Amino acid sequence: MLYPIKKKQTKKRYSYINLCTQKHSLILQKVEIRIGHLLNQDAVNN
Numbered sequence: 023m024l025y026p027i028k029k030k031q032t033k034k035r036y037s038y039i040n041l042c043t044q045k046h047s048l049i050l051q052k053v054e055i056r057i058g059h060l061l062n063q064d065a066v067n068n
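Counting from 23, one number per residue, gives the positions in the sequence shown under this note's numbering.
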């Protein structure tokens, strides 16, 4: 009887982790775009 409950808990945990990683990946994409813009500006200035 304990096994299905554990399975449900891990499913919830995994979905939460997926949400967190999605948020992080969006933030990382924004940061990468900003860094890319800065690098492009530096390249143009030099």
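Even for Gly, the Cβ is constructed at its ideal location relative to N, Cα and C.
Quick caveat, the model's predicted, so the values are computed rather than measured.
Express the C-alpha separation of residue j and residue i in angstroms, rounding to a whole number.
{"i": "Ile59", "j": "Gln44", "result": "In the sequence as presented, Ile is not what sits at residue 59; that position holds His. Near 23 Å, if we compare the C-alpha coordinates of Gln44 and His59."}
{"i": "His46", "j": "Glu54", "result": "12 Å"}
{"i": "Asn67", "j": "Lys34", "result": "49 Å"}
{"i": "Leu50", "j": "Thr32", "result": "26 Å"}
{"i": "Ser62", "j": "Lys52", "result": "At residue 62 the sequence reads Asn, which differs from the Ser that was named. So the alpha carbons of these two residues sit roughly 15 Å apart."}
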